[in-house]
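The structure appears right after this line, and notes come after that.
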Amino acid sequence: MLRMLKKMDGVILFVLLLLMVMSVFTVYSAIQSDPKLGNHHIKTLQFYGIGFVALIGIGLVNYKLYIQYAFYIYGFGIVLLILVNFIGGTINNANGWIKINDYLSFQPAELFKMILILFLAHVLVKRKNSTLRFWKDIVPIGLWTFVPFALVMIQNDLGNALGYIVILVAVLWIGNIKWSHALIALVIVGITFFGFVKAYTSYHDEIFTFLEKANREHWAERIDPWLVPDKATSKASWHTKNAGLAIGSGGITGKGYMQGTSVQSGRVPYTYSDSIFVVIAEEFGFVGGSVLLLLYFILIHRMVLIALHCRDRAGPVVIVGIIGMLLYQVFENIGAFLGLMPLTGITLPFISYGGTSLLINMACIGLVMSIKLYGQEDEDELLMGEQRPTLLERLWSMVKKEKTTA
């Protein structure tokens, strides 16, 4: 075991330690404006401790085993997404939370990101190196992704639902898709996006009325400051406007630790979770934000290197899916406060307070570590769709062999 631990990527572990330090200190600064938040920085440290244990535990198991049973894991995840609609609680307009006790809650939609990555790798690896066919491969894969997407949309969780689409695109990109299919998909996505923007800006009042009747008016409150700021209510634009002012006031080097006037006065909501980048930008300025992005770059760069050195097909698929997931979270979270994206409630990876998101991200890095440890092995039965003999079968074959030699 010690020998395997030494083979894990030390750079990734060091980057995670730096992100942990940044997260704990930033969360501590963010909660000063609200005494009710108490010891969120201590909880963050505890979640990181559990996360490192999960990372090592998952990393020591051959990732091909996860992929072999990904179909059953996918089914378990779907059951959780369905179950949460009946027993789940609501946090920040999203009703996809399973409450464990008064202090702990669990969001299955976050867990399903990792499940989806493993399942798509399971499906794609069966195709070996052949080009993906539209009707026999791409459409079924899209339908497998649409099921959790629809279930999470029912839970009012647009951010995580879009994350599934990003994972699908990332995995298909490395899954030997035809360039013609990729180009067609790009055109369709472009037309859909610009069509949505045009329709929303042209028929804003009608769409707002429809969303209000459907009890989804908070969607408009997040989209309005992004697309039609002149029509956004003061309540809807208050978050992004104050966040933008705080980021701009940070300047190059920031106002100093725990000296952010907007953050410490409570003018920016959720600074310990969704808006934590605002704390970094106001108190540490452009330099602090750049250091954070540099750490993300190093983390992803190491993951790319591990994927390039992997000798089988499944490892790179899993890593690209994880990279796509992390990049989406970073771009969506930071972009929302720079006017590039709408607010969706997505957390900043490894920085925001949030047990479920942090543990899932750490578990995903555990998968990367497993690929680092076992990705140098040649293609085996796990990835060829064949079952390895069970432990009992192996013992029985050994007994028969002993009888034969005797």
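The opening position of the sequence shown corresponds to residue 1 in full-length UniProt numbering, with each subsequent residue numbered one higher. Using N, Cα and C, we set each Cβ at its ideal position, and we do this for glycine too. Note that the coordinates shown come from a computational prediction; the quantities given were computed from them, not determined experimentally.
Nearest-angstrom Cβ-Cβ length linking residue i and residue j, presumed shorter than 8 angstroms
i, j, result
"Tyr200", "Ile223", "7 angstroms"
"Phe106", "Trp144", "That belief does not hold up - the Cβ atoms of Phe106 and Trp144 are roughly 23 angstroms apart, past 8 angstroms."
Alpha carbon of residue i to alpha carbon of residue j, nearest angstrom
i, j, result
"Tyr28", "Leu111", "26 angstroms"
"Gly385", "Leu65", "With a pLDDT of only 47 at Gly385, under the threshold of 50, the placement of this residue in the model should not be trusted; the figure read from the coordinates follows. Using only the alpha carbons, I get a separation of about 11 angstroms."
"Leu305", "Met153", "35 angstroms"
"Leu308", "Pro269", "41 angstroms"
"Gly10", "Lys128", "31 angstroms"
"Lys6", "Gln155", "42 angstroms"
"Ile184", "Ile191", "11 angstroms"
"Lys235", "Gly251", "26 angstroms"
"Leu391", "Ala121", "Low per-residue confidence applies at Leu391: pLDDT is 42, beneath 50, and the placement is therefore not dependable enough to give any value."
Sub-9 angstroms separation of residue i and residue j beta-carbons
i, j, result
"Lys113", "Met303", "no"
"residue 415", "Ile12", "A question about residue 415 goes unanswered here, because the residues of the chain that appear run from 1 up to 406."
"Gln376", "Leu348", "no"
"Gly266", "Ile280", "no"
"Ile56", "Met8", "yes"
"Ile98", "Ile87", "yes"
"Tyr272", "Ile31", "yes"
"Tyr63", "Ile334", "no"
Close Cβ partners of residue i (< 8 angstroms) along its chain, the five nearest in sequence each way excluded
i, result
"Val15", "Leu295, Ile298, Leu299 and Arg302"
"Ala54", "Leu359, Met362, Ala363 and Gly366"
"Gly159", "Glu332, Thr344, Gly345 and Ile346"
Neighbourhood of residue i by C-beta distance below 7 angstroms, restricted to the same chain and skipping five residues each side
i, result
"Leu343", "Arg222, His239, Thr240 and Ala336"
"Met4", "Leu60 and Leu373"
"Leu74", "The displayed chain sequence assigns Tyr, not Leu, to residue 74. Hits under 7 angstroms: Ile115 and Phe119."
"Ile78", "Val147 and Pro148"
"Leu124", "Val171, Gly175 and Val317"
"Phe193", "none"
Residues near residue i in its chain [Cβ-Cβ closer than 6 angstroms; skip 5 each side]
i, result
"Leu17", "none"
Residue i - containing alpha helix (DSSP H), residue span
i, result
"Asn361", "Gly355 to Tyr374"
"Gln329", "Ala314 to Phe337"
"Pro140", "Val139 to Ile154"
"Trp173", "Leu158 to Ile174"
"Pro225", "Glu217 to Leu227"
"Lys241", "Ser234 to Ser249"
"Val268", "It is not in any alpha helix (DSSP H) - Val268 carries neither H nor E in the DSSP assignment."
"Asp274", "No alpha helix (DSSP H) contains Asp274, which DSSP labels as neither H nor E."
"Ser202", "Trp179 to Ser202"
"Ile58", "His40 to Gly59"
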